[in-house]
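> Residue numbers (the working numbering), protein chains in the order written: chain C, 167 to 404; chain E, 35 to 273.
For reference, the structure I am asking about is given below.
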Amino acid sequence: MCTLEKRGDLFLLTLTGDDEHRFHPDTISSVLSLLEQAKSQSTRGSVLITTAHGKFFSNGFDLAWAQAAGSQTGAVNRMHQMVESFKPVIAALIDLPMPTIAALNGHAAASGLMFALSHDYVFMRNDRGVLYMSEVDLGLPLPDYFAAMFAAKIGTSIAKRELLLSGKKIKGEEAVALGIVDSAAHDSVEGVVEATVSLGESLAAKKWNGEVYASIRKSLYPGLCTMLSLTAKIAASP
Amino acid sequence: MCTLEKRGQLFLLKLTGDGEHRLNPTLLDSITSAITQIRSDPSSSQSVLITTSDGKFFSNGYDLALAESNPSLRPVMDSKLRSLVADLISLPMPTIAAVTGHASAAGFVLAMSHDYVLMRGDRGFLYMSELDIELVIPPWFAAMIRMKIGSPAARRDVMLTAEKVTAERGLEMGIVDSSYGSAAETVEGAVKLGEELVRRGVDGHVYGGMREALLKQVLHTIGSNESVSNRMRNSGSKL
Numbered sequence: 167m168c169t170l171e172k173r174g175d176l177f178l179l180t181l182t183g184d185d186e187h188r189f190h191p192d193t194i195s196s197v198l199s200l201l202e203q204a205k206s207q208s209t210r211g212s213v214l215i216t217t218a219h220g221k222f223f224s225n226g227f228d229l230a231w232a233q234a235a236g237s238q239t240g241a242v243n244r245m246h247q248m249v250e251s252f253k254p255v256i257a258a259l260i261d262l263p264m265p266t267i268a269a270l271n272g273h274a275a276a277s278g279l280m281f282a283l284s285h286d287y288v289f290m291r292n293d294r295g296v297l298y299m300s301e302v303d304l305g306l307p308l309p310d311y312f313a314a315m316f317a318a319k320i321g322t323s324i325a326k327r328e329l330l331l332s333g334k335k336i337k338g339e340e341a342v343a344l345g346i347v348d349s350a351a352h353d354s355v356e357g358v359v360e361a362t363v364s365l366g367e368s369l370a371a372k373k374w375n376g377e378v379y380a381s382i383r384k385s386l387y388p389g390l391c392t393m394l395s396l397t398a399k400i401a402a403s404p
Numbered sequence: 035m036c037t038l039e040k041r042g043q044l045f046l047l048k049l050t051g052d053g054e055h056r057l058n059p060t061l062l063d064s065i066t067s068a069i070t071q072i073r074s075d076p077s078s079s080q081s082v083l084i085t086t087s088d089g090k091f092f093s094n095g096y097d098l099a100l101a102e103s104n105p106s107l108r109p110v111m112d113s114k115l116r117s118l119v120a121d122l123i124s125l126p127m128p129t130i131a132a133v134t135g136h137a138s139a140a141g142f143v144l145a146m147s148h149d150y151v152l153m154r155g156d157r158g159f160l161y162m163s164e165l166d167i168e169l170v171i172p173p174w175f176a177a178m179i180r181m182k183i184g185s186p187a188a189r190r191d192v193m194l195t196a197e198k199v200t201a202e203r204g205l206e207m208g209i210v211d212s213s214y215g216s217a218a219e220t221v222e223g224a225v226k227l228g229e230e231l232v233r234r235g236v237d238g239h240v241y242g243g244m245r246e247a248l249l250k251q252v253l254h255t256i257g258s259n260e261s262v263s264n265r266m267r268n269s270g271s272k273l
């Protein structure tokens with residue numbers, strides 16, 4: 167389902183298997199526990215890189231599991247359960263005391279894209295994979311903390327509209343042009359992972375204090391932090 | 035500490051001496067009293083402020099050594115800079131920072147508190163140093179950065195990688211309006227821009243009111259602290 171590996175300073179979180187890596191209560195809880203593990207083992211210079219196997223980074227929540235509830239009410243409840251239990255995963259990433267990098271091997275949709283955007287840096291492939299907020303096409307409302315993430319991380323009205331209202335499937339080059347991802351320079355998974363490892367190592371070399379790093383990250387996104395019930399630990403400077 | 039000169043309708047505020055122009059209580063008081071002097075000038079609403087400095091530094095931030103030796107001065111420096119920035123935000127005239135040297139942390143914020151940032155391209159950088167020196171960034175600094183830097187990636191680069199932003203990068207990020215070959219040329223550029231703004235004949239009070247409206251969110255974050263001086267609460271559009 168998912169693994170956490172340590173390579174020197176780098177923590178590598180991988181969503182394993184060739185499936186769509188849909189977020190389901192079990193996967194959500196596994197990812198959360200691995201993030202907690204990374205946090206508890208973090209030291210100066212730690213960096214997290216998140217990636218996945220196969221064609222998908224993540225295709226969002228497990229809608230089939232929601233439907234399998236057997237009734238309209240049951241499906242709605244299961245959706246609600248996933249939305250609520252996913253919030254701590256996002257909060258854990260925003261609170262993580264180390265730089266975070268998402269290495270997108272493939273498609274990132276809905277909560278899968280949300281997961282990617284929760285990282286400080288997002289790299290994707292040039293040749294394959296799209297970013298897609300499917301909610302508008304599926305007739306699903308956007309959770310408030312999702313909207314807060316987009317407001318925080320995506321700079322232009324046009325980019326926000328393309329993603330959220332147009333339901334556009336955005337490829338690498340356009341994602342860079344819209345300022346959604348940091349890089350789409352590589353034509354293979356290996357290329358993307360290598361580039362993120364290289365960035366990770368250069369960030370690790372700074373030996374930053376993880377608590378300070380997380381605090382500064384939170385002060386970058388105050389609106390999002392409010393939604394996630396994260397308070398920045400602030401001491402007045404100087 | 036700092037000098038104030040008037041050249042026609044231009045006020046030239048200069049942080050003097052070859053030091054780091056650390057924003058300690060004395061320097062902050064000195065700059066604040068220069069701003070007070072500017073406000074009380076009868077022709078202030080048809081004027082322009084240019085802030086610059088001598089030497090290698092615009093300002094290297096708060097006086098951290100002083101804060102180490104006397105921790106009770108930390109909130110004092112914070113409070114004085116908040117007041118000063120609120121003062122600059124409500125100032126009834128366009129403001130130009132002619133950045134002729136390094137501007138770090140609180141010094142970077144001071145530069146950004148001006149409407150225009152002109153910078154030398156040959157040397158020097160803007161630097162939110164906090165991450166590198168293990169200090170958190172105050173929410174009101176972050177609010178200024180969110181206001182003045184448009185792209186989320188650029189904000190992240192400034193705050194979360196502690197990038198040393200050269201004039202060229204500053205132009206890309208939209209923090210810097212124009213860059214020049216040397217310190218002298220930067221000041222010259224500021225004077226030229228200042229004269230152009232004076233020629234436009236904008237009513238300073240209207241201008242100041244508009245700036246406050248634009249920077250409302252920043253003012254709000256600055257003011258969320260009871261130790262901010264009354265000057266901020268009393269400032270406001272003259273309309």
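Where a beta carbon is used, it is the ideal one built from N, C-alpha and C, also for glycine.
None of the values given here were measured: they were computed from a predicted structure.
On the DSSP letters alone, give me the boundaries of the beta strand (DSSP E) that R291 of chain C sits inside.
Taken as a continuous stretch (DSSP letters only), the beta strand (DSSP E) holding R291 of chain C covers Y287 to R291.
> What alpha helix (DSSP H) runs, 4 residues minimum, are completely inside the region 141–193 of chain E?
For the region 141–193 of chain E, whole alpha helix (DSSP H) runs of length 4 or above, ordered along the chain, are 173–182.
> Against chain C, which members of the region 144–178 of chain E pass a CB distance test of less than 7 Å?
From the region 144–178 of chain E, only E164, L165, E168, L169, V170, I171, P172, P173 and A176 have a Cβ closer than 7 Å to chain C.
> With 16 other CB atoms within 10 Å as the buried threshold, where does G235 of chain E fall?
Flag for G235 of chain E reads exposed.
> Check the Cβ-Cβ distances between M181 of chain E and every residue of chain C, and say whether any is below 8 Å.
For M181 of chain E, the answer is no, since every Cβ of chain C falls outside 8 Å of its Cβ.
> Less than 8 Å between the CB atoms is what I'm expecting for V255 of chain C and L270 of chain C, so what's the real figure, rounded?
V255 of chain C to L270 of chain C, Cβ: 17 Å. No contact.
> State the DSSP-derived secondary structure class of E186 of chain C, mapped to helix, strand or coil.
DSSP places E186 of chain C in coil when its eight states are reduced to three.
> Using the Cα positions of A370 of chain C and M290 of chain C, report the straight-line distance between them to the nearest angstrom.
So the alpha carbons of these two residues sit roughly 21 Å apart.
> Taking the alpha helix (DSSP H) that Y298 of chain C falls in, what are its first and last residues?
From DSSP, Y298 of chain C is part of no alpha helix (DSSP H) but of the beta strand (DSSP E) over V296 to Y298.
> Taking just the CA atoms, how far does D348 of chain C sit from M266 of chain E?
Any reading at M266 of chain E is ruled out, since the residue's pLDDT is 44, under 50, leaving its predicted position unreliable.
> Please tell me whether A247 of chain E has its Cβ less than 8 Å away from any Cβ of chain C.
With 8 Å as the cut-off, A247 of chain E does not count as an interface residue toward chain C.
> Quick check: the Cα distance between S196 of chain C and V252 of chain E, rounded to an integer number of angstroms?
Answer to the nearest angstrom: the Cα atoms are 40 Å apart.
> Listing by chain order, which chain E residues have their CB less than 9 Å from the CB of I320 of chain C?
Result: P186.
> Could you pull the start and end residues of the beta strand (DSSP E) that Y214 of chain E belongs to?
Element bounds for Y214 of chain E: S212 to Y214.
> If distances are taken between C-alpha atoms only, which option among E:M35, E:A176, E:I167 and E:I183 comes closest to H254 of chain E?
Per the Cα distances, E:A176.
> Taking all protein chains shown into account, decide if H136 of chain E is buried (16 or more other Cβ within 10 angstroms of its Cβ) or exposed.
It counts as buried.
> Using 8 Å as the threshold, is the C-beta distance between I171 of chain E and M153 of chain E below it?
Not a contact, by the Cβ cut-off of 8 Å.
> Closer than 7 Å by beta-carbon distance: list the chain E residues that pair up with R383 of chain C, in chain order.
Here the neighbours are L194.
> Thinking C-beta only, is M264 of chain C closer than 8 Å to G376 of chain C?
Cβ distance < 8 Å, so G376 of chain C and M264 of chain C count as in contact.
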